[in-house]
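Residue numbers (the numbering used here), protein chains in the order written: chain L, 131 to 462; chain S, 32 to 475.
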Amino acid sequence: MSQGAVAQAARLPATARRRARRRAAWRRRGLVLLLMSPWLAGFSIFFGYPLVMSAYLSLTHYDLLSAPQWRGFANYHYLFHDDPQFWPGVRNTLWFIGIAVPLQVAFAFGIALMLARAKRGLGFFRTVFYLPALAPPVAATLGFVYLLNPANGPVNIILGHLGIDGPLWFQSPGWAKPSLALLQIWGVGNAMVIFLAAVLDVPQHLYESAELDGAGPLRRLRWVTLPTISPVILFSIVLGVIQGLQYFTQAYVAANIAAGQASQAGDTINNLGYPQDSTLFYPVLLYQAAFVNNFMGYACALAMVLLVVAFAVTSIILWNSRRWVHYTGSAR
Amino acid sequence: MRRVTGSLLAALVLGAVLAAAITMGSAHAGARSAKKTTLTVWVGWSARELRVFKSVVADYAKQHRDLNIKVVGSINDTKITNAIRSGNAPDVVSSFTSGMVGVFCGKGAWIDLKPFLSKDHVDLSQFPKTSLYYTQFKGKRCALPLLADSYGLYYNKTLFKKAGISRPPRTFSELTADAKKLTQRDSSGKIKVIGYDPYWGFYSGNFADMTNYAPLFGAQYYDGKGKAALASRFAWSKLLRWQKNLMDWYGYSNVVRFNAGAGDEFSASNAFEVGKVAMMMDGEWRVAFIKAEHPNLNYGTAPMPVDDAHKNLYGAGSVNGTIIGLPKGGHNVDQAWELVRWLTTNDHALAKFSNGIRNVPSTRSSGRSKELKPDPRFATFVRIFNNPHSATAPITAAGAAPGTLIGRFTVKWQAGKVKNLHKGLVTVDKQVDKVNAQAGGGVP
Chain L
131 MSQGAVAQAA RLPATARRRA RRRAAWRRRG LVLLLMSPWL AGFSIFFGYP
181 LVMSAYLSLT HYDLLSAPQW RGFANYHYLF HDDPQFWPGV RNTLWFIGIA
231 VPLQVAFAFG IALMLARAKR GLGFFRTVFY LPALAPPVAA TLGFVYLLNP
281 ANGPVNIILG HLGIDGPLWF QSPGWAKPSL ALLQIWGVGN AMVIFLAAVL
331 DVPQHLYESA ELDGAGPLRR LRWVTLPTIS PVILFSIVLG VIQGLQYFTQ
381 AYVAANIAAG QASQAGDTIN NLGYPQDSTL FYPVLLYQAA FVNNFMGYAC
431 ALAMVLLVVA FAVTSIILWN SRRWVHYTGS AR
Chain S
32 MRRVTGSLLA ALVLGAVLAA AITMGSAHAG ARSAKKTTLT VWVGWSAREL
82 RVFKSVVADY AKQHRDLNIK VVGSINDTKI TNAIRSGNAP DVVSSFTSGM
132 VGVFCGKGAW IDLKPFLSKD HVDLSQFPKT SLYYTQFKGK RCALPLLADS
182 YGLYYNKTLF KKAGISRPPR TFSELTADAK KLTQRDSSGK IKVIGYDPYW
232 GFYSGNFADM TNYAPLFGAQ YYDGKGKAAL ASRFAWSKLL RWQKNLMDWY
282 GYSNVVRFNA GAGDEFSASN AFEVGKVAMM MDGEWRVAFI KAEHPNLNYG
332 TAPMPVDDAH KNLYGAGSVN GTIIGLPKGG HNVDQAWELV RWLTTNDHAL
382 AKFSNGIRNV PSTRSSGRSK ELKPDPRFAT FVRIFNNPHS ATAPITAAGA
432 APGTLIGRFT VKWQAGKVKN LHKGLVTVDK QVDKVNAQAG GGVP
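Printed below as a string of structure tokens:
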């Protein structure tokens, strides 16, 4: 505001001044709204509207082809009490989050630690470990199903030469999830790069101080490296858990290929979850409900439950992280 | 001057006539091209079979110069549903999944053909009863059969001769005995050649919902009230016990390992075609696949064996087929109907198509057509199709969902994870009834 305008404003009566301030405030709000409008529009159209519609459709019987019919909480009742595949889907997803995600974080961190200590060939090894992350999930899964084929896959052939009768891998309900976890660990390139950057960023003087105090490599790792990179660990865990809750593509492809049964058009048979529901993760169950059985209303109920669980799990992790995540500087 | 004026007038008249002629000609041509209607037809066939279908459609197009018919192959039910939902449906749709007719007809996704059938006086008695059943839902006919499928036994004659077996089995106890004789293992006990693969989920013959075995045991999925009846019908537990006994004889892990190494079903490395499976239940289309991929394979076809206690069922089999109809939202409904009518009722079209992909002709008269190329191995399936005991899977509003639940149980059963078969089947019955209720339709 220029000096003249200030002087003019000072001359105005109090009510007029208030009105002018209010107008200016509205103009500011309008400007903020205008600047935010692209994001607001995107959020409303692509997130808000689908969310509200999903919540509504979860209370209906909707088959994609005819108008939704109001059902109240019948879908939720079917979900918790009658659907024999709901709890297996939940258990599989929890297994993945509880076992595959920590393994993924541990491997990414371990590789990053090794690479941080490498004296030569850092660029080469970094590329080698990162490359799998570039493989499209479908192609990577196809490759793993081929490699781990119990009859003629290279892995079991090599194990056979060593006198070991290899497992049935994707054909066995006991081994299918570990096989998928193996695939997940193989593709930890993205997390590895982030961990490597974090490990290399740990101030050297902290290690030197710890060393002067007599700390060995394990103590330095425990008391220097881990606390310093704890925000990155938190990031990896949250990302891994969210990806685990949405785990679909690899499970879908592995089940269909390993089942080895397909019609010419590809959809007369439902192989999802093969073998014996062991790869029926929650998002696969949701897909089956929506697009195999045409129970879109029920699929929306499944989606709403997933939303609540994802929100709760992420909140718990973030709340719990206060105890073990250390931020350098004042920002938290 | 008068001569000049006359010549000028004559030139003007000539020019006007020429211009009019040119204009009229181009206008006529324009009208002709503007009238040409494009019909889009979606089908599930691909590769060789799609080429045959296109050649059949080309015959129709030759008679209808005003049509430009575009055939799109490799279509599945999800694509059909999505197209109808989005309002971008083609003019004609077809599906391999006759079990989906409950969804397509029941929800109005495919339009009711009754007015068209009445208008053109189409005689429905030309279609066999089973085909009429799987092309309607609760009396609403939204589809017609376009060739049909029946399931029978394929057996490798060379392996039969080696094992000293003179004829294909006719009962399940004979099948078991022959399967054991035909099986070859390596020194470690792993299966090299399997006599008969009973695994639920192995190729199209062994759908885990047991559909293809139901007519062989006289088994019914539902009782008279439309309630699931797997526990109360003794035939199901008999079938499951037979299957489990044979699985146990091979060893579950051995069969799983063998299946993992068996080639892709719809490829030249199909395990029966390469001699790794001695007997197999499959559809009639395999005759054409073998001819194209392994013409020197020495094999025969026969009806599937039946339950020892129901020998009268011998000759029957599981039956289903491709369904074709008009989707909601299609643009050129009348022309599309004419094409559907021709494809499903014209003897020449059905015989040519049947010769090409070796599917069963779906009308009585086309089954007798002189255009049909005789082939004793294919004729087996035509007889199975026409057997009065042959049956198809029940149509429900829930589409694939009941089959998924039944299949979920059978794969656990064969893996030895079900301790009490009857209790397990009671649970499956409850699950099937609940999913049918969930679909809001039930069983007609």
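Quick reminder that beta carbons are idealized off the backbone N, C-alpha and C, glycines included. A quick note: this is a predicted structure, and the numbers were derived from the prediction, not measured.
- A contact between stretches requires three or more CB pairs, one per stretch, nearer than 8 Å, and the region 294-312 of chain L meets this requirement with the region 401-412 of chain L.
- Assignment of G352/S by DSSP, reduced to helix, strand and coil, places it in the strand class.
- Rounded to whole angstroms, N329/S and D217/S show a C-alpha spacing of 24 Å.
- Non-local beta-carbon contacts of A419/L in its own chain, meaning distances under 7 Å to residues more than five positions away in sequence, involve F425, Y428, A429 and L432 in chain order.
- Among the residues facing chain S, V414/L is not included, as its CB has no counterpart in that chain under 9 Å away.
- Of the candidates G139/S, R264/S and G183/S, the residue whose Cα lies closest to the Cα of R172/S is G139/S.
- Taking the beta carbon of K443/S as reference, the chain L residues within 8 Å of it are Q406, listed in sequence order.
- Taking a Cβ-Cβ cut-off of 8 Å, F84/S has no neighbours in chain L, whose nearest Cβ is about 12 Å from it.
- The residue from L271/S, F248/S, S162/S and F135/S with its alpha-carbon nearest to that of K450/S is L271/S.
- For F255/L, the three-state secondary structure derived from DSSP is helix.
- Each of F440/S, V74/S and G471/S was checked against the Cα of T458/S, and the nearest Cα belongs to F440/S.
- Cα atoms of E402/S and N386/S: separation of roughly 8 Å, rounded to the nearest angstrom.
- W316/L: member of the alpha helix (DSSP H) spanning A306 to W316, first to last residue.
- In this structure, V391/S lies away from G346/S, with their beta-carbon atoms at least 9 Å apart.
- Closer than 8 Å at the C-beta level to chain L, one finds these residues of the region 420-437 of chain S: A429, G430, A431, A432, G434, T435 and L436.
- If you compare the alpha carbons of K93/S, S298/S, L178/S and I100/S with that of T71/S, the shortest gap goes to I100/S.
- Contact between the region 433-442 of chain L and the region 183-200 of chain L is present, with at least three C-beta pairs closer than 8 Å.
- Remark: C-beta atoms of S300/S and G306/S do not approach each other more closely than 9 Å.
- Comparing alpha-carbon positions, the option among L261/S, K465/S and R201/S lying closest to L247/S turns out to be R201/S.
- What N290/S touches in chain L, judged by beta-carbon distance under 7 Å, is G390, going in chain order.
- Residue pairing for I222/S: DSSP places it in a beta bridge opposite R216/S.
- In the structure shown, the three-state DSSP call for N107/S is coil.
- Remark: fewer than three beta-carbon pairs, one from each stretch, lie closer than 8 Å, so the region 328-339 of chain L and the region 436-454 of chain L are not flagged as touching.
- Taking a beta-carbon distance threshold of 9 Å, I115/S counts as an interface residue toward chain L.
- Here DSSP, grouped into helix, strand and coil, assigns I100/S to strand.
- At a cut-off of 9 Å between beta carbons, K258/S makes no contact with chain L.
- Using a C-beta cut-off of 8 Å, the region 381-391 of chain L makes no contact with the region 352-370 of chain L, since fewer than three inter-stretch Cβ pairs fall below that distance.
- Here the alpha carbon of P284/L sits roughly 32 Å from the alpha carbon of V371/L.
- At a beta-carbon threshold of 7 Å, none of the residues of chain S lie near H456/L; the nearest stands roughly 48 Å away.
- Across the region 167-193 of chain L, CB contacts with chain S closer than 7 Å involve H191 and D193, in sequence order along the chain.
- Using a Cβ distance threshold of 9 Å, N279/L and G232/S do not count as a contacting pair.
- Judged by DSSP in its simplified three-state form, W200/L adopts strand.
- In this structure, T332/S places its C-beta atom within 9 Å of the C-beta atom of L184/S.
- Neighbours of G139/S in chain L, taken as residues at a C-beta separation under 9 Å, are given in chain order as L195 and S196.
- As the crow flies, the alpha-carbon of G398/S is around 10 Å from that of R414/S.
- At least 9 Å separates the CB of V87/S from every CB of chain L.
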